[in-house]
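Asker: Heads up: the sequence shown begins at -17 in our numbering, then just goes up one per residue. Quick reminder that beta carbons are idealized off the backbone N, C-alpha and C, glycines included. Remember, it's a predicted structure, so these values are computed and weren't measured experimentally. Would you mind keeping the following structure in view while I ask a few things?
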Amino acid sequence: MSKKQKQNKPKVHKDLEGFDVKVDTFGELQSTFEIDKINQFLNKNVDDKKLRDREDIDQPHSDDH
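And the structure:
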């Protein structure tokens, strides 16, 4: 096996340990995590600049305690 074929696992956030996504023969995504868990992680950890100034949605609380 050449060096290019070896794939080391990337460093990931501790909440995403074991996360894997594959595309099956029908073009559907197969994931090791439920979409709700992925969405919760993204809502908590990723700032969506398109939604920053919207008043009709709940803004995530900062953890600056």
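Between Phe1 and Gln(-11), what straight-line distance do the alpha-carbon atoms span, to the nearest angstrom?
Answerer: 16 Å
Asker: If I'm right that Lys4 touches Gln12 with Cβ under 8 Å, what's the distance once you round it to whole angstroms?
Answerer: 5 Å
Asker: According to DSSP, simplified to helix, strand and coil, what is Gln22?
Answerer: Collapsing the DSSP output to three states places Gln22 in a helix.
Asker: Just curious, the beta strand (DSSP E) that Gln12 is in, first and last residue?
Answerer: Leu11 to Ser13
Asker: Figure out for me which residue from Leu24, Asp38, Glu(-1) and Phe8 has the closest Cα to the Cα of Thr14.
Answerer: Glu(-1)
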